Structure formats: C-alpha cells, structure tokens
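S.K.:
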C-alpha cells in the first residue's frame with residue numbers, strides 16, 4: 001500500500017479524494033491536513049465517515065506530515081498551493097495539486113489570470129498537466145501533476161478532436177458551460193445558501209472566468225496555434241455535475257456520422273471517455289460520482305456549426321477522481337484502479 | 001368586468017393564467033375548459049385554489065362556452081389549437097392563443113416545423129404576434145393574438161436591439177438557453193419525474209427545437225433580412241425560470257457602456273424590460289412569478305463578441321402573464337394592470 | 001394610505017413583508033431599516049425589486065425613522081427587538097413585532113427559554129399575541145402585536161379545536177413538524193449552504209426547540225390547564241412551507257366525520273383556515289406564498305389517536321402575511337386586504 | 001463467482017442492486033429480467049452504465065433464466081412476486097424477494113393488508129425476514145429471504161432496543177417517518193413529477209400505510225406481545241434518504257446516557273448500525289448510497305418520552321444493499337462484502 005496525505009482534506013475536493021481512496025486497493029490515506037479543523041476527526045465534519053474513517057486533521061506542519069506519506073494531494077486555494085507543493089516536491093514526494101498554481105506552462109498567463117506572482121517557476125517547469133487522455137505518457141514519468149480545473153477538463157476533452165483533426169475555424173469556439181454548486185467549494189457565501197441557489201439559474205463571470213486562459217493554453221497546444229475562446233459559466237441548482245455546450249464553425253461540411261467516427265477514433269481505448277450517438281441525450285447524472293466523460297456531437301447543417309456536449313462530474317473527473325487517475329499513472333498502476341465504477345445515477 | 005374563458009385550464013399555462021386573472025381588477029374568469037377533468041373543480045387539481053376559486057371544468061362545447069365569455073385564452077397543444085381559435089375568432093371573440101398555431105407569418109414554415117398542415121390560413125393572416133415590446137400597436141387593434149413561445153420571448157427580446165441597430169453579424173447568432181421543468185408542461189413522461197430531473201442538467205433537441213424557426217422569423221423581420229440561428233435548449237432542475245445566453249460577433253468594436261445605452265434607449269419606457277449593468281448578475285429568480293425580462297449585456301473584447309443574458313419566467317412572461325399583457329392591450333387597459341408586481345424571489 | 005416602516009427589512013421576513021405591502025391598497029412602505037446595508041437600495045439585495053421599489057436602507061436612528069411612518073413591523077433577532085419595540089410603542093406608533101420578545105404572557109417563561117432578561121415588562125403586558133383566528137378582538141384594540149412564531153402558528157391552529165372541545169388527553173400531544181430552509185433566515189451558516197441542505201432531511205433541536213414553550217403557553221390558555229407537549233422540528237430541502245403532524249390520544253372514540261365537523265365549526269367564517277376532508281392530501285405547496293392554513297384531521301381507530309396535519313407557509317402565515325393580517329385588524333381594515341390571494345402552487 | 005439474476009431490473013431497487021453488484025467481488029450478475037424493456041440494454045435506460053454493463057433485458061421465461069444464475073433477487077410489485085419467488089425457490093435457487101409477498105409470518109395479516117390471497121403459504125413458511133441485525137442466524141441458513149420494507153427497516157431498528165429491554169409502554173409508539181421520492185419507485189404518476197414534488201412536503205396514507213402491519217408483526221415478536229403503532233409517512237423533495245422520528249413513553253425515568261448505552265450494547269458489533277450521541281445531528285445524507293443506519297436517542301424529560309431518530313437510505317439499507325447483505329449471509333461470505341463503503345455525502 002502507498003501512503004497518501006491530503007492537504008486541505010475538509011474542503012469538498014479534498015474530502016472526495018479521501019472518500020474515493022477509502023475504497024482504493026493500493027492507496028492508503030494516512031494523513032489529512034486542515035486549517036480550520038486541526039485535532040478534529042474528519043467524521044465529525046462528514047458524518048457518512050463515522051466509524052469508517054478515524055483520521056484526525058493535522059495542521060500543515062511539514063515535520064509531522066512528511067513522515068506520514070509518500071504521495072500528497074494538495075487541495076488548497078490557488079496561491080496558497082505554491083509553497084506547499086514546492087515544499088512537498090523538494091522533499092521527494094509525489095504530488096498532485098488540485099489548485100491552478102502549477103497548471104500553466106506560461107507563468108505570465110498564470111500571473112495575469114490569478115493576479116499573483118509565481119514564486120516557484122523552476123518547479124512549475126517540472127509540473128505536468130494532468131489530463132491523462134491527452135498527456136498520459138508525461139504523467140507516468142512525473143512526480144508533480146497539476147490536476148486540471150473542472151471546466152477545462154470538460155471543455156478540452158470536448159474540443160480536442162476538432163482541433164487535432166483541424167475540422168473547425170479556431171477563432172469560432174464558444175464554450176457555454178454549467179456547473180453544480182459544489183463547484184464553488186465548501187463556501188459560506190450567501191450566494192451559495194440553499195434559499196438563494198435553489199430554483200435559480202444564472203450566468204456568472206461572463207467572459208472573465210479564470211479557467212478561460214487555462215482552456216486556451218491547452219487548446220492552443222493541440223491546435224498548434226493560438227486559440228482564443230469565449231467562455232461563459234452558469235450555476236445550476238444541483239450539487240454535482242457539469243456540462244459544456246461547445247459551438248464552433250466547421251471548415252467543411254461534414255455529417256454527424258463522420259464526426260462521430262472522428263471522436264470514436266480519437267478516444268479509442270479510453271475507458272473514461274464515452275462517445276454517444278447524436279440521438280442519445282447526454283445528462284450530467286449519467287456521470288455524477290464517477291470519472292467518466294460523456295460526449296455527444298451534433299451538426300447544425302443550416303449554420304455549418306458543430307455542437308459538442310461534454311459532461312463530467314465537476315468534483316469527480318473535474319477534480320478528485322481525476323487526481324486518483326493521475327496517481328494511478330504516476331505509480332504505474334492500472335489507470336482505472338479504484339475509479340472504474342459507474343456513477344450512482346440516483 | 002370582462003368575462004374570460006380559458007380553454008385548457010388545467011395545464012400549467014392555463015392554470016397560471018387563471019391564477020393571475022383571479023387578482024386582476026378588470027378580467028373575470030367565468031369559464032374554464034378541460035379535456036380530462038370535465039365536471040371537476042379546478043381546486044381539486046390545484047389545492048391552493050381551494051375556497052378561492054369555485055370554477056368547474058366545462059367540456060369544449062361551443063354552445064355552452066360561447067355564451068360564457070367575451071375573451072378566450074386558448075392553451076391547447078399545437079395542432080389542436082387551430083380549430084378552437086378559428087371557431088372562437090369567427091364567433092367574434094377576442095382570442096389569445098398560447099400554442100404555436102398562429103405565431104408564424106409564413107404558414108409553410110409552421111407546416112414544416114410542426115409537420116402539420118395549417119387549415120385556417122385566412123385566420124392566420126389576422127393573427128398578431130403578441131410580443132408587446134415590439135408589436136404593441138398591432139396588438140391593440142387585433143382580436144387574435146398569437147402569444148409567443150417562451151424561448152422566443154426570451155431570445156428575441158435579448159437580440160432585438162443588436163439587430164435593429166445593425167451592431168452584429170447576422171449569421172453569427174448562437175442562442176444557448178435553459179428552462180425550468182414547467183416548460184415541459186403538466187407532463188407525466190418519466191423524463192420529467194422528480195428522481196430523473198433533480199440533480200440533473202441536460203441539453204435536448206440540439207439544433208432541432210421547434211422554437212428555432214419562430215425565433216428566426218421574428219429576428220429576420222427586425223433585421224430586414226434572413227437570420228438563421230443556432231439554438232440549444234437545456235433543462236434545469238427547477239420549476240420556473242428561463243435564461244438565454246446569446247452570442248454574436250460585433251460588426252465594430254464597441255464597449256459595454258455603449259451597448260448598455262443602446263439597450264436602455266431601445267427599451268426606454270418599457271416597464272417590463274429591465275436592463276442591468278454588466279457587473280450585475282442576472283438571475284432567473286429575479287423574474288420568477290412576474291412578467292419582467294432582465295437583460296444584461298457583456299462585451300468579450302478578446303473575441304469581439306457580445307454576450308447577452310436574458311431572463312424571464314417561462315410560464316410568466318414566457319406564457320401566462322404575457323397573455324394578460326396582451327389582453328390588457330387588446331382591451332385598451334393599462335398594459336401593466338394585474339401583472340405589475342415583482343416576482344416572489346423566495 | 002398608512003405609512004409603514006420595516007425594521008430589519010433585508011432579512012427574509014422583513015423582505016417578504018415589504019413585498020406583500022408593495023401590492024397592498026392601504027399600506028405604503030416609506031421606511032426600511034437595515035443594520036448591514038445602510039445606504040443601499042433594497043433592490044440591490046433583492047433583484048426582483050429592481051425598478052419596482054426604490055427604497056434605500058436607513059440605519060436604526062429614531063430621529064429619522066419616527067417621522068417617516070405611523071406603523072412599524074419589527075423584524076429583528078430576539079433580544080434586539082425588546083428595545084426597538086419599546087421605543088416605537090412609547091412614541092405612539094402601532095407596532096407588529098416578528099421576534100419572540102413580546103409573545104409570552106409569562107415573562108419568566110420567556111426569560112428561561114431565551115436565556116435573556118426582559119427589560120420592558122410593562123410593555124410586554126400591553127402586547128397582544130397576534131393569532132387573529134383565536135385573538136381577533138384583542139388585536140383590533142391594541143397598538144402592539146407580537147406576531148406568533150411559525151411553528152406555533154402552525155401547531156396551535158392545528159390543535160386548538162381539540163383542546164377547546166376537550167376531545168383529547170392534554171398530556172398526550174406530540175407535534176412533529178417540518179420546515180423549509182427560509183425558516184433559518186438569511187443565514188450564512190454552512191449548515192444552510194445549498195450542497196449541505198439539498199437532498200437532505202434532518203431533525204434538529206429535538207425536545208429543546210424554543211418554540212415549544214410558546215406553543216405550550218398558548219395551548220394551556222385554550223385548555224384552561226397546563227399543557228406540556230413534545231415538539232420535534234425537521235428541516236426539509238425546500239425554501240418555503242411548513243407542516244405540523246400532530247398526534248394526540250382521544251378521550252372518546254369518535255369518527256372522522258365528527259371531528260371534521262368540529263373543526264369546520266370551530267373555524268367557521270375563517271377565510272384563511274381551510275379544513276380538508278381526511279381523504280384529501282394536504283401539501284405545503286398548496287399554501288406557499290399565501291396566508292392560508294390547510295388542515296386535515298385523521299382518526300387512527302386502532303390506537304384511538306387523532307392525527308392532525310396542519311400546513312402553512314412559514315414566512316407567509318408563519319410571519320409576514322400574518323403580520324399584515326394583524327395590521328389590517330389594528331387599523332380596522334378588511335382582514336384579508338392585500339393577502340387574500342391563493343399561493344402560487346408552481 | 002456466484003451468478004446472480006435480477007427479476008425487475010429496470011425499476012429503481014432492481015437497478016440499484018445491479019449497480020452494487022457490479023462492484024461486488026463475489027457476485028456476478030448474469031441475467032436481468034424486465035417486463036417493459038425486453039431486448040434492450042440496461043445501459044440504454046441507465047446511461048451511467050454505458051460501456052460498463054452490457055447486460056440485455058430478458059423476459060421472464062424460466063427456461064432461459066433458470067440456467068443463467070444460482071441466486072435471484074426479485075424486485076416485482078407485491079402480488080406479482082408470489083409466483084416468481086415460488087418458482088425460483090422450487091427450482092432450488094437462493095432467492096431474495098424485495099416485495100412484501102413473503103415478509104409476513106401471519107399470512108392473514110398479509111392478505112388483509114395487501115388485499116390479496118397468498119397462493120404459496122407453504123413457501124411463505126420457509127421465508128426468513130431479512131433484517132440481519134435481528135435475524136442473522138436464520139438468514140444464514142435459509143434459501144429464501146424476504147427483504148424488509150424501507151419504512152420497516154428504519155423503524156424496527158430504531159425501536160427494537162426499547163422493546164427488547166422493556167423500557168417503554170408498548171401501546172405508546174408513534175412513528176413519524178419521511179422518505180425521498182425514490183420510495184415511490186420508477187413511477188410516472190403526476191404526483192411524482194418534478195414540478196409537483198419539488199418545493200413540497202406532505203404526509204400521505206396517514207394511519208393507513210401498508211408497512212404498518214409489517215412493522216407491528218416484527219415489533220410484536222420482539223416485545224413478546226402484540227404491539228400496535230401509529231405510523232405516518234411523509235414525502236420529502238429529495239431522491240434518496242429516509243428518516244423515522246419515533247416517540248414512546250418510558251416506563252421509568254432514565255437519562256440520555258443510560259439509553260445511549262442500551263443502544264450501544266444492543267447493536268454491539270453491528271458494523272452497519274451507528275449509534276450517535278444525542279447532541280449529534282443525524283442527517284439522511286450521512287447514510288445515502290450506503291448500507292448504514294444512523295440512530296440517535298433523545299429523552300424528553302418533561303414528558304417522560306423517548307425520541308429516536310433513525311436514518312437509512314431507502315433504496316440502500318431499505319432495499320438493495322440490504323438485499324446484498326442478506327446474500328452475503330446466505331452464501332457464508334463476509335457480511336459487509338461489497339457494501340462496506342460510506343455513502344457519498346455529496
């Protein structure tokens with residue numbers, strides 16, 4: 001068994017990583033770190049863990065935690081993650097960082113987007129962007145994975161085949177996305193209070209969400225040229241689940257069957273990516289509590305546009321289970337180990 | 001008081017029209033017609049009406065109902081509405097039709113979209129499209145109003161100023177919309193069952209929703225040339241509320257303030273259209289249970305696109321309260337009578 | 001028009017009172033007071049009020065507000081309300097207090113329950129408990145109404161006929177109640193965050209909720225002897241609505257029809273109390289956004305118990321619309337003025 | 001691996017059993033039977049299973065299915081289950097029946113409750129009531145388990161220690177319970193439509209729910225004398241989760257600590273029963289998607305009543321995962337195999 005520590009274990013992504021690892025045959029969580037709940041059992045915060053997990057929250061004291069685990073999942077706010085990741089990495093640990101701090105190849109894009117200097121550019125260079133379907137071999141060889149954002153995971157996997165196969169006008173991409181409320185984290189803002197969220201739908205951070213530049217950097221890599229997108233996130237009154245509805249103009253008139261086969265071929269052998277016929281509805285509850293990505297592709301012949309629907313669980317494939325997928329790869333384990341099960345649907 | 005009949009009163013749009021009219025100072029519902037509940041009190045179906053409304057459902061027998069009211073709201077499925085509206089209209093009644101049957105100027109577009117012949121083209125020619133903010137004077141003079149669809153109301157009011165002022169490339173319009181579940185009506189399909197809908201988000205009828213051609217016909221009128229749009233509806237796990245997130249490419253670089261003023265000017269004096277600053281969040285619960293339309297406009301400078309957020313209550317401004325707005329106009333009453341109140345928010 | 005001030009207008013009960021009064025033909029809100037939002041428009045907090053209500057929040061400065069209104073609704077936390085109500089009352093204003101501060105006849109019960117001294121016992125003596133169906137004549141003559149708690153309103157109206165007619169063992173009353181989340185107010189506690197509340201049901205403050213003593217004092221009055229009850233509240237993942245399921249042992253075997261008639265007779269002429277047949281389902285959405293109380297009564301012959309279902313809107317009849325009902329009575333207006341409409345159902 | 005067939009696999013309980021067994025190390029589902037979906041893949045109905053489970057629905061043809069599996073879970077409506085279970089049992093299969101058909105020791109109680117004759121009384125005599133915490137040894141030895149109802153599971157486990165230890169007046173038991181909407185099954189009734197269920201709470205089948213007699217038969221066994229209870233179920237706007245709030249009068253004054261210890265002792269060694277301190281909130285989301293039962297016990301000193309809160313997942317411990325627990329026992333496997341994980345919480 002490989003001993004794992006989770007920094008920021010009481011937030012939703014940290015907690016979900018813990019929950020997944022409790023059933024994992026090769027990883028054993030031996031250390032959880034929290035800022036606000038030091039000395040408390042995680043089961044006092046998440047009552048489902050009562051009598052199942054007896055872990056107690058440590059403070060972020062490296063003298064203590066470095067001896068407790070070989071691999072760390074860091075689930076801290078961006079900015080705060082920079083130093084924690086650097087410290088763990090320098091100490092020879094394998095690290096998966098859930099924050100944005102090590103996601104960008106171009107540190108100045110990070111600095112402009114997050115309005116923060118990057119203090120560990122040497123380590124940033126070592127980081128691998130943890131999207132296994134596009135980056136598998138690099139992930140296998142690295143000790144530092146920057147786990148992608150939820151919107152980027154959902155969007156990039158949806159668009160990638162179109163760019164790789166040069167099927168679309170790269171300046172035409174519009175990503176209209178929607179997320180469940182766990183996307184905001186374990187957050188006490190009034191905006192996320194039940195009475196405010198339920199029976200409500202809204203767009204937010206229109207043309208200004210920070211995930212936009214992350215999406216663009218990765219899409220530009222795939223396209224081999226700069227890709228600029230319009231990105232609009234929405235908040236949906238549900239806990240979990242995320243959908244990107246992606247629009248782009250086709251370079252040539254192609255039909256549904258053709259493009260379906262492009263996607264099938266591009267994601268051939270990928271267990272977690274499920275390409276659906278254009279007459280099958282993709283629904284977020286088909287992927288919730290799983291690591292799957294469900295994608296359908298539709299041609300709007302009248303406007304010569306392609307519309308891609310891409311659905312994930314924002315805290316599954318969009319955060320925690322993707323972190324475990326990356327850990328499996330980093331340790332040379334079967335990629336699907338502990339995360340192969342379907343979602344709950346109900 | 002003006003006597004009103006509602007045909008199809010037990011469906012959600014018919015019911016909501018009744019509920020609104022119960023508090024209206026000038027309209028008095030004297031007749032409700034239902035197919036499935038003949039002889040039953042409406043209060044047996046909608047328990048909130050117990051001891052408040054004693055109306056009993058009639059069957060659709062013109063000998064009976066023509067004598068009971070001077071104005072009829074018809075809330076039947078498309079197709080079924082054709083004959084009912086024609087009969088009432090020919091009998092000299094004022095009619096507001098909530099179906100799609102009389103919404104199209106071009107009957108062949110209707111026939112292609114709904115895959116039905118139109119049997120009353122002479123009467124179709126008399127119908128006025130009931131979007132008061134764009135069509136007020138015609139509505140005042142007609143006896144037959146075709147009440148717009150919910151998605152069209154939300155979309156057209158969001159796009160109209162851009163087209164009227166020729167600010168956008170007319171071939172670039174993408175409408176990504178989302179609706180609460182009442183949009184599907186009082187519908188027993190498994191898909192709309194609580195366990196299936198809650199905690200779920202999905203796109204449906206991608207590039208094939210029937211409201212697309214309705215939107216296009218009206219936008220083409222405004223643009224003075226043919227407008228084709230990409231339209232994708234989504235289903236949100238909430239009862240009421242609708243949002244359109246509309247994308248278009250600007251003809252020229254303009255800023256947020258400029259475009260805000262274009263909208264303010266275009267909708268000057270319109271009580272029900274509220275133009276918000278681009279830094280104010282538009283939320284569906286701001287309009288639910290009201291006749292308001294909340295709109296914010298955003299410029300994505302990097303891509304030279306405009307993004308318009310337009311929110312309505314799908315069964316309010318998207319159906320029932322807009323029907324009452326039209327009735328007020330048809331009878332020369334104050335346009336806001338009985339529908340001026342804000343939504344409930346909670 | 002009577003000028004009204006609302007102290008604590010940005011909380012849910014204060015806001016809802018404002019929303020109701022915006023459509024009231026005789027009351028005109030001229031002053032709203034907030035602690036946290038001084039100088040801000042209420043429409044910035046509740047976007048449904050945009051362009052509908054231009055009121056700006058005042059601070060609680062009596063020099064300013066006393067001149068602005070003749071009647072005040074005080075919606076402050078218990079304890080904080082004591083002084084505010086006393087000040088307004090002494091200044092000759094009519095006051096409806098939504099807090100618990102003036103609800104108890106016995107100040108020591110209040111002090112034990114709320115663990116606070118009562119500093120204005122002389123004024124407490126003047127206060128009338130604002131449950132119009134039981135206390136109408138006193139309310140008409142007072143200048144100070146203590147508006148009942150939501151659970152007490154729902155429970156007392158459900159039990160009253162049983163006690164008044166001496167049909168039950170007074171020591172056998174168990175009240176099992178459930179409330180929507182607005183019952184917790186505009187509250188940022190993590191417990192009321194969307195992700196925590198949704199898809200969850202829980203009992204809380206079991207055998208220790210503060211509304212218990214309020215219920216007991218009023219039931220004891222009706223019974224003419226001390227009544228002690230077991231009271232268990234639950235939290236339901238919905239915004240609005242409250243139900244009390246009340247159990248008591250019958251003194252004698254009686255049947256459903258008999259007891260139905262007892263309730264019909266007891267609440268004869270009461271517009272807001274709707275007694276339903278035992279074969280009709282009482283549902284909270286039948287009363288949400290209204291001032292109605294829906295009650296059904298059931299006999300469990302096998303155990304000789306009566307089961308009463310009583311449903312209200314916790315912030316309607318349980319707070320704001322009941323406050324308006326009391327204001328109507330205090331001013332000699334028609335009791336149902338501005339609050340007679342049915343709930344929204346959808 | 002043991003081959004398992006599921007009769008009625010497309011309903012919620014059948015599906016959930018399948019989903020659990022997909023991750024079970026010893027059971028292998030080889031056969032699924034459906035009435036409405038013969039020839040269709042289960043993954044067409046439950047999209048989360050796409051590419052995960054390729055099973056196709058068989059019709060209920062014993063010639064086919066008897067050869068496919070050694071153990072059957074029968075998830076048919078009551079009545080329909082009688083013959084299916086008898087046939088499978090007589091063919092030498094191990095059977096877990098999720099319906100009510102084989103739950104009663106007293107067939108006449110069954111016949112009165114379900115208004116159906118029991119055609120297989122000889123087989124009924126062989127059936128063991130599958131509540132492992134109370135009936136473990138018998139389950140280990142039987143080939144036919146009648147899986148308990150969801151309300152009975154939740155209620156009986158909550159009350160059992162009180163009766164076993166003779167701590168309460170057996171005539172004083174009131175069970176006030178609440179269930180998520182999956183309790184109604186995959187049901188197209190309008191009552192369970194999203195718009196009807198959401199934002200609504202209701203009691204139903206007051207003093208007349210069929211689970212009452214099931215609860216009574218089992219509690220009478222424990223008490224050693226006839227126990228009659230009052231039982232009121234409620235419907236909560238959530239998918240999964242169930243809570244029973246149970247009231248009884250204590251024979252003697254005892255305190256919280258004493259009774260807590262009684263429960264701890266009674267359920268000593270039971271992995272799935274978690275007794276919580278009376279100051280810990282029991283919440284349904286603590287058990288959803290798990291086989292756990294969370295119980296807290298509270299003393300209302302003023303009325304000398306005990307209040308027990310018991311929470312389960314209605315389709316987990318209340319149906320499918322309890323079926324698997326029973327199957328584990330029937331096959332001599334570790335009781336917790338495949339069902340030991342905590343719920344999802346989020």
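Residue numbers (this note's numbering), protein chains in the order written: chain A, 1 to 346; chain B, 1 to 346; chain C, 1 to 346; chain D, 1 to 346.
By construction, the Cβ of each residue, glycine as well, lies at the ideal position given by its N, Cα and C atoms.
None of the values given here were measured: they were computed from a predicted structure.
Consult DSSP for residue 267 of chain D and reduce its assignment to one of helix, strand or coil.
M.R.: coil
S.K.: Please state the DSSP three-state secondary structure of residue 53 of chain C.
M.R.: coil
S.K.: Using 8 Å as the limit for Cβ to Cβ distance, is residue 44 of chain D near chain B?
M.R.: no
S.K.: Taking beta-carbon pairs under 9 Å, can you tell me which members of the region 287-308 of chain A lie near chain B?
M.R.: Close to chain B, meaning a Cβ-Cβ distance shorter than 9 Å, are the following residues of the region 287-308 of chain A: 288, 296, 298, 299, 300, 301, 302, 303, 305 and 307.
S.K.: So is residue 197 of chain B in contact with chain D if we call contact Cβ pairs under 8 Å?
M.R.: With 8 Å as the cut-off, residue 197 of chain B counts as an interface residue toward chain D.
S.K.: Pull up the DSSP beta-bridge partners for residue 7 of chain A, would you.
M.R.: A/33 and A/74
S.K.: Would you say residue 22 of chain C and residue 52 of chain C are within 8 Å of each other, going by their C-beta atoms?
M.R.: yes
S.K.: Do the region 312-330 of chain D and the region 153-169 of chain D touch if we need at least three Cβ pairs shorter than 8 Å?
M.R.: Of all C-beta pairs linking the region 312-330 of chain D to the region 153-169 of chain D, three or more are shorter than 8 Å, placing the two stretches in contact.
S.K.: Spatial neighbours of residue 182 of chain A within its chain, please: CB distance less than 7 Å, with the 5 preceding and 5 following residues excluded, ordered by chain position.
M.R.: 12, 239, 240, 314 and 315
S.K.: Ends of the beta strand (DSSP E) at residue 161 of chain A?
M.R.: Per DSSP, residue 161 of chain A belongs to no beta strand (DSSP E); it is in the alpha helix (DSSP H), 150-164.
S.K.: Can you look up residue 184 of chain D in the DSSP assignment and give me helix, strand or coil?
M.R.: helix
S.K.: Who are the neighbours of residue 194 of chain D on chain C, taking C-beta pairs under 9 Å?
M.R.: Ordered by position in chain C, no residue passes the 9 Å Cβ test against residue 194 of chain D, which lies about 11 Å from the chain.
S.K.: When the Cα atoms are used, what is the spatial distance from residue 339 of chain A to residue 345 of chain A?
M.R.: Each residue's alpha carbon lies about 16 Å from the other.
S.K.: Let me know the secondary structure DSSP gives residue 256 of chain C once reduced to three states.
M.R.: helix
S.K.: Taking three-plus beta-carbon pairs below 8 Å as touching, is the region 98-106 of chain B in contact with the region 213-224 of chain B?
M.R.: Yes, since at least three Cβ pairs between the region 98-106 of chain B and the region 213-224 of chain B fall closer than 8 Å, the two stretches touch.
S.K.: According to DSSP, simplified to helix, strand and coil, what is residue 285 of chain D?
M.R.: helix
S.K.: Exposed or buried, residue 117 of chain A, counting other C-beta atoms within 10 Å across all chains shown (16 or more means buried)?
M.R.: exposed
S.K.: DSSP three-state label for residue 12 of chain D, please.
M.R.: helix
S.K.: Going by the C-beta, is residue 206 of chain A closer than 7 Å to any heavy atom of the ligand ADP?
M.R.: For the structure depicted, the ligand ADP is absent and the ligand set is empty, with no information on it obtainable.
S.K.: Which residues in chain C have a C-beta closer than 7 Å to the C-beta of residue 232 of chain D? List them in chain order.
M.R.: 245 and 307
S.K.: Strictly below 7 Å CB to CB, what residues from chain D border residue 182 of chain B?
M.R.: 195
S.K.: Pairs of beta-carbons, one from the region 326-334 of chain B and one from the region 127-137 of chain B, closer than 8 Å: are there three or more?
M.R.: yes
S.K.: For the region 324-344 of chain C, enumerate the residues whose C-beta is nearer than 7 Å to any C-beta of chain B, in chain order.
M.R.: The residues in question are 341, 342, 343 and 344.
S.K.: Within a Cβ cutoff of 6 Å, which residues of the same chain sit near residue 211 of chain D, ignoring the five residues on either side of it in sequence?
M.R.: 149, 151 and 152
S.K.: Could you round the C-beta distance between residue 272 of chain A and residue 317 of chain A to whole angstroms and report it? I think they count as a contact, below 8 Å.
M.R.: 7 Å
S.K.: Residues of chain C with CB closer than 8 Å to the CB of residue 237 of chain D, please, in chain order.
M.R.: 236, 237 and 238
S.K.: Would you call the CB atoms of residue 72 of chain A and residue 38 of chain A closer than 8 Å?
M.R.: Not closer than 8 Å, so no.
S.K.: Please list the partners that residue 187 of chain A has in chain C, where partner means a Cβ-to-Cβ separation under 8 Å.
M.R.: Result: 193.
S.K.: Specify the secondary structure class of residue 296 of chain D as computed by DSSP and reduced to three states.
M.R.: strand
S.K.: Please identify, using Cβ separations under 8 Å, the residues of the region 199-217 of chain D that lie next to chain C, in order along the chain.
M.R.: 199, 200, 201, 202, 203, 204, 206 and 207
S.K.: Starting from residue 194 of chain A, trace the alpha helix (DSSP H) in both directions and tell me its first and last residue.
M.R.: 194-197
S.K.: Pick out whichever of B/145, B/136, B/168 and B/35 has its Cα sitting closest to the Cα of residue 253 of chain B.
M.R.: B/168
S.K.: Quick test of your reading: residue 247 of chain C and residue 174 of chain D, contact by CB under 8 Å. State the CB separation rounded to the nearest angstrom.
M.R.: 5 Å
S.K.: So what does DSSP say about residue 311 of chain C, is it helix, strand or coil?
M.R.: In this structure, residue 311 of chain C counts as strand in the three-state DSSP scheme.
S.K.: Quick check on the DSSP output: what are the complete beta strand (DSSP E) runs of length 3 or more inside the region 207-261 of chain C, in order along the chain?
M.R.: For the region 207-261 of chain C, whole beta strand (DSSP E) runs of length 3 or above, ordered along the chain, are 230-235 and 242-249.
S.K.: May I have the straight-line CA-CA distance separating residue 205 of chain D from residue 305 of chain D, to the nearest angstrom?
M.R.: 25 Å
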